[in-house]
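Peer 1:
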Amino acid sequence: MQNNSKKERINHLLDKCISQRITASEREELNRYIQDADQNEIIQHSLLQSFYKEKELVDMPLDQQNMIWNSLRGLGRPATSPKIIRASFLKWIAVAAVALLILAPLTFHINTKQIDQVFSRGPRVKKQVEHDNNTQQPVNDRFPAKDQAVLTMFDGTVLQLDELEIGKEIHIEGLRVEKQGKGDLVFQFKETDNQKVFANNSMNTLVTPRGGTYHIKLADGTQVQLNSSSRLTFPSMFADNARKVEFEGEGYFEVAKDPDKKFIVETVKNGNRQQVVVYGTQFNICAYPEDEGITTTLIEGSVKISSHKNELFLKPMEQAIVKGEEIAILPANLDVNLAWKNDMFYFINEPLADVMAQVSRWYDIDIEYVGEVPTFRLWAQISRTKKLSELLEVLQQTNDIHFEIDGKEVRVMK
1 MQNNSKKERI
11 NHLLDKCISQ
21 RITASEREEL
31 NRYIQDADQN
41 EIIQHSLLQS
51 FYKEKELVDM
61 PLDQQNMIWN
71 SLRGLGRPAT
81 SPKIIRASFL
91 KWIAVAAVAL
101 LILAPLTFHI
111 NTKQIDQVFS
121 RGPRVKKQVE
131 HDNNTQQPVN
141 DRFPAKDQAV
151 LTMFDGTVLQ
161 LDELEIGKEI
171 HIEGLRVEKQ
181 GKGDLVFQFK
191 ETDNQKVFAN
201 NSMNTLVTPR
211 GGTYHIKLAD
221 GTQVQLNSSS
231 RLTFPSMFAD
241 NARKVEFEGE
251 GYFEVAKDPD
261 KKFIVETVKN
271 GNRQQVVVYG
281 TQFNICAYPE
291 DEGITTTLIE
301 GSVKISSHKN
311 ELFLKPMEQA
321 IVKGEEIAIL
331 PANLDVNLAW
341 KNDMFYFINE
351 PLADVMAQVS
361 RWYDIDIEYV
371 GEVPTFRLWA
381 QISRTKKLSE
391 LLEVLQQTND
401 IHFEIDGKEV
411 RVMK
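The following block contains the structure:
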């Protein structure tokens, strides 16, 4: 293939990769070009051209340029005889971005002073993983989160849902609770006039522990997927004029449409108070105690975010961050905001401490730092279906950190 036609082909493949339209065979073809040292200059030029069109980029020292280029060619491990990049400078975020798109899992260690920019792309397709809830955890390793939760009902009944048989039904005061599948609970209420007031005030609480996730369908048809360490409080049946729930942790809401009855999600965390008001839409809320604020990401429809005296409306592909009395609206990156729902860890310039907080919740482990907490940040795209040891091995590819697993504790050291 002539140089011009080869360059055009590489440009075409990179454009499709960045826009997430690339096929599996095209991705393999692009990887072959990346591994071919003779194509370095063509690929570098094509990367820059692709990103110059849309992104504001920053420079990076030559030694780190070469590190990222070697990562592209060898999953973070320097090639035996690396070809020196002769460009006067390389806009490194372009390479890092395409690396994340092409070679997964792949991790970068970036100095916090050298990057404030982020990039975004479209949503991933969710990959399912199954492992038996009764399987014992391996010695000095941990399985990823599984379907487990505790439901405390209005009358004090406590159900350990992962121990409940599929198809099992619970009947209490006109309420029917059925486990319809693994990690899937359905609430239904037989409405009668003398039970309405009772049902509106009979509150139930669903809690996922660390290392657990669960899906629930409420009485109105609204569905909520809870991430680990989350809590949803809801009535057995919603009132005539509004549907109100309380939430903390992280959850994905698919609200059943009802133009006559608004749906309200109230979240209170560390002095931050937020109400999300919708009539039928899909959105994600992240409100863990260790997070600075409450983040709401809108996927479709429209929502009103209220906090103290402020209120704003979100459009699809936007996110609101509530901190104190302030509400900030930013463009959403669905890869990051919905990574947990798509069975992925997705870190863009993420502080190591924040990365390990997510790992702690997902694998039900405690984190111990040996010495000072490292201040560097990570770029990584890793499946949440991996065992803990496999995930930590990927994070260690930078050779700047080391992990030791000891039962339910992970020690982090430089």
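Going by the UniProt record's numbering, 275 is the number at position 275 of the sequence shown; the sequence numbering is gapless. Glycine residues also receive a C-beta, built at the ideal position from the N, C-alpha and C atoms. This one's a predicted model, so the numbers in the text were calculated from it and none came from an experiment.
What span of residues does the alpha helix (DSSP H) with Leu379 cover, start to end?
Peer 2: The question names Leu, but residue 379 in the sequence shown is Trp. Careful: Trp379 lies outside any alpha helix (DSSP H), inside the beta strand (DSSP E) at 377-383.
Peer 1: Let me make sure I understand the geometry here. Which of Leu185, Lys261, Ile348, Val207 has the alpha-carbon closest to that of Gly280?
Peer 2: Lys261
Peer 1: Would Val224 be called buried (16 or more neighbouring beta carbons within 10 Å of its own) or exposed?
Peer 2: buried
Peer 1: Quick test of your reading: Asn204 and Thr152, contact by CB under 8 Å. State the CB separation rounded to the nearest angstrom.
Peer 2: 7 Å
Peer 1: What would DSSP say about His171, mapped onto helix, strand or coil?
Peer 2: His171 falls in the strand class under three-state DSSP.
Peer 1: On a Cα-Cα basis, can you pick out the residue from Asn272, Asp15, Asn31 that is closest to Glu292?
Peer 2: Asn272
Peer 1: With DSSP collapsed to three states, give me the class of Ser228.
Peer 2: coil
Peer 1: Which ranges would you report for the beta strand (DSSP E) in the UniProt domain "FecR protein" (205-304) if only whole runs of at least 3 residues count?
Peer 2: 212-217, 223-226, 230-235, 242-254, 262-269, 272-278, 282-287, 294-300
Peer 1: Considering only residues of the same chain and omitting the five flanking positions on each side of Val336, which have a CB-CB separation below 7 Å?
Peer 2: Tyr346, Ile348
Peer 1: Apply the 10 Å Cβ neighbour rule to Met413 and answer buried if 16 or more other Cβ atoms are within range, or exposed otherwise.
Peer 2: exposed
Peer 1: Leaving out five residues before and five after Leu392 in sequence, what residues of the same chain have Cβ atoms less than 6 Å from its Cβ?
Peer 2: Phe403
Peer 1: Helix, strand or coil: which one does DSSP assign to Met356?
Peer 2: helix
Peer 1: Distance check for Leu352 and Gln381, CA to CA, integer angstroms please.
Peer 2: 14 Å
Peer 1: Any beta carbon from chain C within less than 8 Å of Ala145's own beta carbon?
Peer 2: Checking the listed chains, one finds no chain C in this structure; it contains a single protein chain.
Peer 1: Straight-line CA distance for Trp379 to Glu350?
Peer 2: 7 Å
Peer 1: What are the start and end residues of the alpha helix (DSSP H) that includes Leu335?
Peer 2: Reading the sequence as shown, one finds Asp at residue 335 and not Leu. From DSSP, the alpha helix (DSSP H) with Asp335 extends over 334-337.
Peer 1: Can you give me the Cβ contacts of Glu300 inside the same chain, cut-off strictly under 7 Å, excluding the 5 residues immediately before and after it?
Peer 2: Thr281, Gln282, Pro316
Peer 1: With DSSP as the reference, identify every bridge partner of Val150, one or two as the case may be.
Peer 2: Gln160, Val207
Peer 1: Is DSSP giving Trp311 helix, strand or coil here?
Peer 2: Note that residue 311 is Glu in the sequence shown, not Trp. In this structure, Glu311 counts as strand in the three-state DSSP scheme.
Peer 1: Please work out which residues of its chain come closer than 8 Å, Cβ to Cβ, to Ile10, disregarding the five sequence neighbours upstream and downstream, and give them in chain order.
Peer 2: Leu30, Tyr33, Gln39, Ile42, Ile43, Ser46
Peer 1: Is DSSP giving Asp364 helix, strand or coil here?
Peer 2: coil
Peer 1: With H, G and I counted as helix, E and B as strand and the rest as coil, what does DSSP make of Lys323?
Peer 2: Of the three classes helix, strand and coil, the one that applies to Lys323 here is strand, per DSSP.
Peer 1: Should Ala219 go down as buried or exposed, given a rule of 16 or more other Cβ atoms within 10 Å for buried?
Peer 2: buried
Peer 1: Cutting at 6 Å between CB atoms, please list the residues of its own chain near Asp364, excluding the five before and the five after it.
Peer 2: Arg210, Gly211
Peer 1: Could you give the DSSP three-state label for Ala24: helix, strand or coil?
Peer 2: helix
Peer 1: Check each candidate in Asp343, Asp147, Val265 and name the one with the smallest Cα separation from Asp184.
Peer 2: Asp147
Peer 1: Do you know how far the Cα of Glu169 is from the Cα of Asp258?
Peer 2: 27 Å
Peer 1: Is the separation between the beta-carbon of Pro144 and that of Trp340 shorter than 8 Å?
Peer 2: no
Peer 1: To the nearest angstrom, how far is the alpha carbon of Leu240 from that of Val158?
Peer 2: Leu is not the amino acid found at residue 240; the sequence shown has Asp there. About 28 Å.
Peer 1: For Pro144, which beta-bridge partners are listed by DSSP?
Peer 2: Paired residue(s): none; Pro144 is not in a bridge.
Peer 1: With 16 other CB atoms within 10 Å as the buried threshold, where does Glu248 fall?
Peer 2: So Glu248 ends up on the buried side.
Peer 1: Within 10 angstroms of the Cβ of Ser236, are there 16 or more other Cβ atoms? Answer buried if so, exposed if not.
Peer 2: buried
Peer 1: Alpha carbon to alpha carbon, how far is Asp15 from Thr297?
Peer 2: 27 Å
Peer 1: Identify, in the order they occur along the chain, each residue of the same chain with its Cβ nearer than 7 Å to the Cβ of Phe154, setting aside the five sequence neighbours on each side.
Peer 2: Ser202, Met203, Asn204, Ser236
Peer 1: Looking at the unbroken alpha helix (DSSP H) that takes in Glu390, where does it start and where does it end?
Peer 2: 388-395
Peer 1: Is Glu250 buried or exposed, if buried means 16 or more other CB atoms sit within 10 Å of its CB?
Peer 2: buried
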